[in-house]
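Residue numbers (full-length UniProt numbering): 1 to 499. See below for the structure under consideration.
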Ligand SMILES: Nc1ncnc2c1ncn2[C@@H]1O[C@H](COP(=O)(O)OP(=O)(O)OP(=O)(O)O)[C@@H](O)[C@H]1O
Ligand SMILES: [Mg+2]
């Protein structure tokens with residue numbers, strides 16, 4: 001067999017005496033797209049941070065084209081033509097695309113000044129190569145997240161990258177942006193660039209990857225060719241058990257006879273929400289489907305008082321209410337778990353426990369003091385039910401893996417015990433095992449009488465939990481379907497596309 005471009009051998013790493021990588025082997029061929037998969041906290045990001053010199057391995061060796069290299073810092077990684085696009089982007093929003101690409105190494109003119117013109121010209125070439133319709137002089141902050149990603153990729157190309165690592169690149173992209181990204185990945189492949197691709201989305205992996213490596217609890221479980229392994233087997237390796245009921249729908253019983261717990265009538269807000277009406281009953285899970293930009297997220301932002309309401313009415317338990325800001329919404333019993341949780345939901349330098357109990361501090365006081373025992377109990381319970389991977393409840397949230405941070409935001413809102421729970425893309429970034437756990441939790445909450453509104457772009461997920469689904473298009477509810485009447489994913493797909 002041909003010698004791999006990259007080979008990592010026997011990589012181990014511990015943090016505070018806890019082994020998060022245990023003798024891991026990983027290899028990458030020229031022009032290959034290699035998926036790195038595993039549950040939240042399995043060690044994917046850590047392995048890649050070792051490859052890029054962010055962390056140093058305790059044991060193990062790295063070879064490039066058969067030659068042993070030592071990568072102790074990000075400069076070493078660059079010298080070996082390795083680049084990584086992190087889960088959190090590293091661009092400066094106030095600078096232009098070109099300035100970001102050439103940041104810290106701008107082409108200088110003869111007397112040492114930054115040569116803006118040259119930067120722009122070179123950037124134009126790169127963008128043309130990627131066929132991205134962005135101008136070098138566009139300011140990053142004014143561009144959608146999809147373009148941030150393209151800028152990161154262009155930046156990597158400008159550094160003559162041979163190995164490009166993408167850590168959950170599509171979690172904040174629209175479907176269309178994702179397709180553009182996949183086209184670019186194909187082009188990079190053709191140029192002989194190798195890609196390590198981290199994602200929790202099974203369908204993507206089988207669409208674009210050549211090989212797949214699964215990590216579980218810091219150990220390598222397997223490496224296989226994508227066309228020689230089934231999705232079921234991959235899931236089994238990731239979870240470490242059979243999970244054949246991952247997306248199974250269970251019919252639930254609840255009543256639509258009484259007063260709806262939430263009723264929205266002719267809601268209008270901004271340019272995206274034009275005329276939204278629906279009812280949500282106690283014990284019901286109402287799914288919201290629609291394309292990106294259909295006004296789904298804006299609709300819940302208005303209901304939760306983040307964006308101003310321009311028209312229409314909101315009734316909670318039959319009583320008309322005025323929601324001017326999120327405090328009003330929380331007071332009438334609504335909780336919103338927003339889409340960009342990492343930005344909005346957490347205090348990263350605080351502990352798991354502090355983050356979970358933050359919204360309920362006033363409820364767990366004994367006199368003027370915090371009832372620490374109760375606080376610990378609540379935090380422990382959520383860590384257990386959501387299967388949050390952390391050494392203990394006192395660990396700083398910043399040190400948790402991406403998916404486990406997401407679960408903490410969820411815990412935080414659940415702890416507050418709201419009557420109406422609004423979840424915007426509840427399973428972005430969480431692994432397949434946790435996805436099913438979260439869906440189970442949603443069902444349990446509804447069984448206990450809570451009303452749940454779920455927005456999701458993953459149809460499988462929406463079909464698994466919803467009792468009823470409304471389809472939003474152009475800021476209006478265009479269709480309402482009982483889950484029982486939806487016999488396949490295609491039916492819903494057609495409804496969403498307006499056929
Ligand atoms: N600097 C650190 N200090 C202590 N523990 C850490 C540190 N970085 C990572 N860990 C721990 O190492 C384990 C692996 O984390 P890692 O971020 O590699 O997971 P991951 O596979 O990328 O997960 P996800 O899919 O959730 O992003 C986790 O348990 C995490 O808490
Ligand atoms: Mg990660």
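For glycine and all other residues, C-beta sits at the position ideal for the given N, C-alpha and C. Keep in mind the model is a prediction, meaning the values are calculated, not measured.
Each of 304, 175, 413, 183 was checked against the Cα of residue 332, and the nearest Cα belongs to 304. Distances from the CB of residue 13 to the heavy atoms of ligand 2 are all 7 Å or more. Residue environment: residue 406 is assigned as buried (16 or more neighbouring CB atoms within 10 Å of its CB, all protein chains considered). Measuring C-alpha to C-alpha distances from residue 169 to each of 210, 206, 84 identifies 84 as the nearest.
The beta carbons of residue 421 and residue 450 sit about 6 Å from each other, so the pair counts as a contact at 8 Å. Where residue 182 is concerned, the enclosing alpha helix (DSSP H) starts and stops at 175 to 190. Ranked by Cα distance from residue 436, the first of 386, 446, 397, 477 is 386. Here residue 469 is near residue 287, since their CB atoms are less than 8 Å apart. When DSSP states are grouped into helix, strand and coil, residue 218 belongs to the coil group. In this structure residue 299 is in contact with residue 273, their Cβ atoms being roughly 5 Å apart against a cut-off of 8 Å. Our two residues, residue 32 and residue 485, have alpha carbons roughly 43 Å apart in a direct line. For the beta strand (DSSP E) assignment, the uninterrupted runs of no fewer than 3 residues enclosed by the region 19 to 73 are, from N- to C-terminal side, 33 to 37, 59 to 64, 67 to 69. Counted as a single uninterrupted DSSP element, the alpha helix (DSSP H) harbouring residue 297 occupies residues 296 to 303. Distances taken from the Cβ of residue 401 to the heavy atoms of ligand 2 include one shorter than 7 Å.
Taking a contact as a CB-CB distance under 8 Å, the pair residue 431 and residue 237 does not count as one, their CB atoms being some 12 Å apart. Secondary structure note for residue 197: its beta strand (DSSP E) is the uninterrupted segment 194 to 198. Between ligand 2 and the CB of residue 45, the shortest heavy atom gap is smaller than 7 Å.
In this structure, the beta-carbon distance from residue 212 to residue 195 does not fall below 8 Å.
Residue burial annotation: residue 4 is buried, with at least 16 other C-beta atoms found within 10 angstroms of its C-beta. Residue environment: residue 308 is assigned as exposed (fewer than 16 neighbouring CB atoms within 10 Å of its CB, all protein chains considered). DSSP lists 211 as the beta-bridge partner residues of residue 225. Residue pairing of residue 311 in beta bridges, as defined by DSSP: 268.
If you ignore the 5 residues before and after residue 356, its C-beta comes within less than 7 Å of the C-beta of 378, 379, 382, 408, 411, 412, 415, all in its own chain and listed in chain order. Ranked by Cα distance from residue 90, the options 370, 151, 442 are led by 151.
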